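Residue numbers (the numbering used here), protein chains in the order written: chain A, 43 to 291; chain B, 43 to 291.
For every residue, glycine included, the Cβ atom is placed at its ideal position computed from N, Cα and C.
No experiment lies behind these values; they were computed from the predicted model shown.
2 protein chains.
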Amino acid sequence: MDAPNVPDVIHLASPCTSYSGRVTKRSEGARGRLSRDVIVACAIALADAEGLEAVTIRRLAQEQGVTPMAMYWHFSDKDSLLDGMAESLVAAVKLPEPTDQPWDEQLHGILAAFLDAIRPHPAVAGLALRRILTSPSGLALAEQALDLIRSAGFSDEWAAQAGSFLLCAVITLVGSQPGGAGHVLEGEARDQMLREKRAAMAALPPARYPNVLAAAPWLVACPDEDAYYALNLRLLVQGIKGIQPVAPA
Amino acid sequence: MDAPNVPDVIHLASPCTSYSGRVTKRSEGARGRLSRDVIVACAIALADAEGLEAVTIRRLAQEQGVTPMAMYWHFSDKDSLLDGMAESLVAAVKLPEPTDQPWDEQLHGILAAFLDAIRPHPAVAGLALRRILTSPSGLALAEQALDLIRSAGFSDEWAAQAGSFLLCAVITLVGSQPGGAGHVLEGEARDQMLREKRAAMAALPPARYPNVLAAAPWLVACPDEDAYYALNLRLLVQGIKGIQPVAPA
DNA sequence: ACCTGAACACCGTTCAAGT
DNA sequence: ACCTGAACACCGTTCAAGT
C-alpha cells in the first residue's frame, strides 16, 4: 500500500518466523535449503501473523528470497500447498493413549488433543475441514474417535455421521471464537474494531434485544478463551452421550 | 477455459438463475434494473451452481450484462457484497413462534429453522459465520436463542458462549456434510470424485483402520442427508442440555 | 443517479530455458 | 534436481468521465 511499484528484490531478506517461534532467515546463510516443510512452516507462520489471505505463492517466494515459480517445483499448485498446511496442523495432534476410562471421557481427551493442536493457528484451522481423512495423522485421529464411539453402541452409520461432525465442530470452535480468529490484527487496529463492535451493540434498541445485550460482553470478544473452549468441548461430548443408542455395561 | 481472450460482450445475454428457481435474463428486456437485491440473488445462484470462488465482481457484471465497475455503485467493495449474500441467507430464516414447550425443544426448533434456511446454499453458508450479529434477522435469531438458553438457568457468559457456538455449529453442519458441500459439481465429475475417494479408502490397511473402513460409506458421501442433519441437530441440543447448570422447574 | 473506459497492482500458472 | 524469465489470463479497485 505504502510503496507501490517496488520490485520484489527489496524484501529479499525478510525473516520468516516459523510457527514454533524460531526465526528462519534465508538471506545469505541458508541459501539453497528450500524444501516442502520449510515452505509449509513459513506459510503457517504467515497465516498466523497476517491471515490466510496473505498466504500467496508470490508472497511466500519473496519471503524465501526466491522466484514465485520456484514454489512449483515443491508443490503442484496452490491447493497442494494448502493441503500441506492442513496436514502439518493435524500432524501436531498428540493423541492420548487408550485407557480404561469411560468412552466419553476418552473421547473428550481426543477432541481436546485435536483442539490443542489447531488452537495456535486459527486462520489455518478451517483448511483441515475437508482434509482430515487424507493424511495419516488425521486418519489416526478419526480411527481412535470412531473406535470409542462405536464401543458405546453406535451403528457404523451414526458413528460416521456424528464422529465426522464432532471433529468439524472442534475446528469451528477455534475458527468462530467470538474475539475474531481470523487476522489477529495488531493492538491498535484490534482495539478500534472492538470499540466499533461494542458501539454497534450499544446502539441496539434494548427493549427488542435484551438477551443479546446481556450477552454482549462475551459476544464481541472472548475474555476467557479457556472457559469458552472448555464449555463447548463439554457440550459436544455431552451431546453425543445424549444420543447414545444403548446403555453401556 | 475454452475461449480465452473473448471480450465480455459475448456473454451479455447469459441468464441469471435466481436462487428461488426463477430465471432472470437481462439481455434486452430488463435493461436498467440493476439493484443490490438482484446482484445478491445472482451471486448466491452463482455460488450454488459453481462454488463461492466463482463469485467474482467481473463475472457477476458479465452475468448482468454490465461493466465490472457498475458493481461499485451498489457495493462499496467485494466484502460488502459478501455481507449482502450472508444477510440474504439469514433473512430467509422462518423463526418459529414461542410456545410453552420445554426450552430445549424450542431451541431445537430455532436451530432447525436456521438449518433449513442455509441448507440450500452450502457454498454460501460459511459467510454467515461472523455476520450473524450484524443483520436484523441474525439478531432476532440470536435474541430468541439466547432467551431460551438463559431461561434454562445459564449465566449470561455461558449463554453467550454456548449460544454463539451452537449457531456456528449449525453452519458447520451444512458446510462439512460428508458428501462435499462446496462446488456441487456435475454428475460426471462428481461420480469420478466419489470413485477416487472410495478407492483411497479401499487402499487403506484394514488392520490399522478397521473403524474408519467400517464407517467409510458414510464418510465419503452422505447417502441420507436428512438423517445426518437430524442426528447432529439432536446432538447439539442434547449437548447444551447436558451442561445445564440448574434443573428447570 | 447510474454506468463506462482506461489504468494499476495484484493473483495463479505455463512453458521454455538455464545450471 | 532445482530454479529463473517472460508471458498469459485472470483478480479487485481507483479515478475521471460520460449521460
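Quick one: what does DSSP say B/R100 is sitting in, helix, strand or coil?
Helix at B/R100.
Give me the chain A residues within the contact set of B/K283, using Cβ-Cβ distance strictly less than 7 Å, ordered along the chain.
Under the 7 Å cutoff, chain A gives G284.
B/A116 lies in the alpha helix (DSSP H); which residues open and close that run?
Position check: residue 116 of chain B holds His in this sequence, whereas Ala was assumed. Segment M113 to H116, the alpha helix (DSSP H) holding B/H116.
Hey, does A/T109 have any beta-carbon neighbour from chain B nearer than 7 Å?
For A/T109, the answer is no, since every Cβ of chain B falls outside 7 Å of its Cβ.
Check whether the stretch 115-133 of chain A touches the stretch 76-90 of chain A, counting contact only when three or more Cβ pairs, one atom from each stretch, lie closer than 8 Å.
Enough Cβ pairs lie closer than 8 Å, so yes.
For a test of the three-state rule: what should DSSP assign to A/L246, helix, strand or coil?
Looking at A/L246 - three-state DSSP - the assignment turns out to be coil, as it is neither helix nor strand.
Keeping to the same chain, check which residues put their C-beta closer than 6 Å to that of B/A187; ignore five residues upstream and five downstream.
Closer than 6 Å at Cβ, skipping near neighbours: I152 and G205.
Say whether chain B places a C-beta atom closer than 7 Å to the C-beta of A/F207.
A/F207 counts as touching chain B.
What alpha helix (DSSP H) runs, 4 residues minimum, are completely inside the stretch 128-201 of chain B?
Entirely contained in the stretch 128-201 of chain B, the alpha helix (DSSP H) runs reaching 4 residues are, in chain order, 145-160, 164-167 and 178-193.
Going along chain A, which residues have a C-beta under 7 Å from B/C210?
By Cβ distance, chain A contributes T214 and S218.
I'd like to know whether the C-beta atoms of A/G281 and B/G281 end up nearer to each other than 7 Å.
Yes, they are a contact pair.
If we call anything under 7 Å between Cβ atoms a contact, is B/L171 one with B/I213?
Result yes, Cβ atoms of B/L171 and B/I213 sit closer than 7 Å.
Note down the Cα distance separating B/H116 from B/A89, rounded to an integer number of angstroms.
Approximately 19 Å, taken between the alpha carbons.
Check whether the Cβ of B/W260 lies closer than 7 Å to any Cβ atom in chain A.
Closer than 7 Å to some Cβ of chain A, the Cβ of B/W260 qualifies, so yes.
Between B/Q219, B/L137, B/V288 and B/L102, which lies nearest to B/S197 when the distance is taken from Cα to Cα?
For B/S197, the nearest C-alpha among the options comes from B/V288.
Return the first residue and the last residue of the alpha helix (DSSP H) that B/I282 is part of.
Looking at the DSSP string, the run of the alpha helix (DSSP H) that includes B/I282 is E267 to G284.
With a threshold of 16 other CB atoms inside 10 Å of the CB of B/K136, please say whether the residue is buried or exposed.
Exposed: under 16 other Cβ atoms inside 10 Å.
Let's test the definition: count the other Cβ atoms within 10 Å of the Cβ of B/M113 and tell me whether it reaches 16, buried, or not, exposed.
With 16 or more Cβ atoms within 10 Å of its Cβ, B/M113 is classed as buried.
What in chain A is Cβ-close to B/V166, meaning under 8 Å?
What B/V166 touches in chain A: nothing, since even the nearest Cβ is about 15 Å away.
Where B/L277 and A/L94 are concerned, what is the direct C-alpha to C-alpha distance, given to the nearest angstrom?
If you take the alpha carbons of B/L277 and A/L94, they lie about 31 Å apart.
Measure the beta-carbon distance from B/W260 to A/E185 and round it to whole angstroms, keeping in mind my assumption that it falls under 8 Å.
Their Cβ separation, rounded to whole angstroms, is 15 Å, which puts B/W260 and A/E185 out of contact at 8 Å.
Can you pull the chain B neighbours of A/L188, defined as C-beta to C-beta under 8 Å?
Here the neighbours are N253, V254, A256 and A257.
Should B/K148 be labelled buried (16 or more other beta-carbon atoms within 10 Å of its own) or exposed?
According to the sequence as given, residue 148 of chain B is Gln; it is not Lys. It is buried - the Cβ of B/Q148 has at least 16 other Cβ atoms within 10 Å.
Following the continuous alpha helix (DSSP H) through B/C84, name the residue where it begins and the one where it ends.
Looking at the DSSP string, the run of the alpha helix (DSSP H) that includes B/C84 is R78 to E92.
Have a look at B/A96 and B/S193 and give me their C-alpha separation to the nearest angstrom.
Distance between the alpha carbons of B/A96 and B/S193 is about 43 Å.
Out of curiosity, what's the CA-to-CA distance linking A/A263 and A/K239?
Rounded to the nearest angstrom, the two C-alpha atoms are 9 Å apart.
Quick check on A/G229: buried or exposed, where buried means 16 or more other Cβ atoms within 10 Å of its Cβ?
Classification for A/G229: exposed.
Excluding the 5 residues preceding and the 5 following A/M243 in the sequence, name in chain order all residues of the same chain whose CB lies nearer than 8 Å to its CB.
Cβ within range, chain order: V254, L255, A258, L261 and V262.
For chain A, find out if any of its Cβ atoms is closer than 7 Å to the Cβ of B/Q241; answer yes or no.
The sequence given here has Ala at residue 241 of chain B, not Gln. B/A241 does not count as touching chain A.
If you follow the alpha helix (DSSP H) that B/P110 is in, where does it begin and where does it stop?
It is not in any alpha helix (DSSP H) - B/P110 carries neither H nor E in the DSSP assignment.
B/Q234 versus chain A: which residues are under 7 Å apart at the beta carbon?
Neighbours of B/Q234 on chain A: none; closest Cβ ~17 Å, over 7 Å.
So, is A/D119 buried or exposed, given that buried needs 16 or more other C-beta atoms within 10 angstroms?
Classification for A/D119: exposed.
If the cut is a Cβ gap below 7 Å, which residues of chain A does B/L278 touch?
Per Cβ cutoff of 7 Å: G281.
Looking at the C-beta of A/L181, does it have a partner C-beta in chain B at a distance below 7 Å?
Yes, contact with chain B.
7 Å is my cut-off, CB to CB: does B/Y270 come that close to chain A?
Yes, contact with chain A.
Report the rounded CA-to-CA distance for B/V279 versus B/G217, giving the unit in angstroms.
Their Cα atoms are separated by approximately 19 Å.
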